[in-house]
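See structure below.
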């Protein structure tokens, strides 16, 4: 019951109390400055991490805004998609994400997962259901099970859990810029404003880096 209540809370916690994005982003209003910066995966790039859950309706609604934005990011920005895992279905879908990543599937498969959960009311609640679902994408059950249970997938899951704790994430979708700044849709003011705020914080980080190099 506790996990169910937590899942319900986390899935909706970013919706309310939205703040309109100011001309200049304001720390404490539009974003949170992490007390302890988290190391990024590529030090020569500005990292943008999106924490999400396939079962989150607002993560699904953000996809049409986020995906084209990611495709147009400059070379000095590294985008990382990361599942938030708080137990139960969150963990199952996190394992699904890293399994698909290990299988090097196309974005359309990720889109099908979102569509299945939000439009076709499929639960994808366990490995058997997921394996059956992915057969349509040409992923046979043996390959799926081998990847699903692999050390690589389990390691990625543990790493993601530790990073989410370091980011102090309490709801999704949430974005973290360069391991320093965290915000959600509510703090940004809406779906479109989410990428606008990300752009502003990326520019802020780029300027800070250039100043340090002078």
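Residue numbers (the numbering used here): 4 to 217.
Cβ atoms here follow ideal geometry from the backbone N, Cα and C, with glycine treated the same way.
- In the structure shown, the three-state DSSP call for residue 60 is helix.
- Annotated three-state conformation of residue 152 is coil, per DSSP.
- When the beta-carbon positions are compared, residue 34 and residue 170 stay at least 7 Å from each other.
- Between the alpha carbons of residue 37 and residue 53 lies a gap of roughly 15 Å.
- Annotation for residue 190: the continuous alpha helix (DSSP H) segment containing it runs 188-191.
- Taking the Cβ atoms as the reference, residue 103 lies roughly 10 Å from residue 96, outside the contact range of under 8 Å.
- Here residue 145 carries a helix assignment [DSSP, helix/strand/coil].
- In this chain, the alpha helix (DSSP H) harbouring residue 206 covers 194-216.
- Residue nearest to residue 125 within the set 58, 82, 203 and 27 is 58 (criterion: CA-CA distance).
- With 16 or more other Cβ atoms from the protein chains shown falling within 10 Å of its own Cβ, residue 187 counts as buried.
- Sequence-distant Cβ neighbours of residue 151 in its own chain, meaning closer than 7 Å and more than five residues away, are 98, 102 and 130.
- For residue 177, the enclosing beta strand (DSSP E) stretches over residues 177-180.
- Distance from the Cα of residue 47 is smallest, within the candidate group 177, 172 and 77, for 77.
- Annotation: the continuous beta strand (DSSP E) that includes residue 51 extends over 49-55.
- Between residue 100 and the set 61, 68 and 55, the nearest pair of CA atoms involves 55.
- Note on geometry: alpha-carbon atoms of residue 214 and residue 90 lie some 42 Å from one another.
- Nearest Cα to residue 207 within the set 148, 154 and 80: 80.
- Looking at the DSSP output, residue 85 bridges to 54.
- Your pair residue 68 and residue 197 checks out as a contact, with CB atoms roughly 7 Å apart and the cut at 8 Å.
- DSSP places residue 35 within a strand segment (E or B) once states are collapsed to three.
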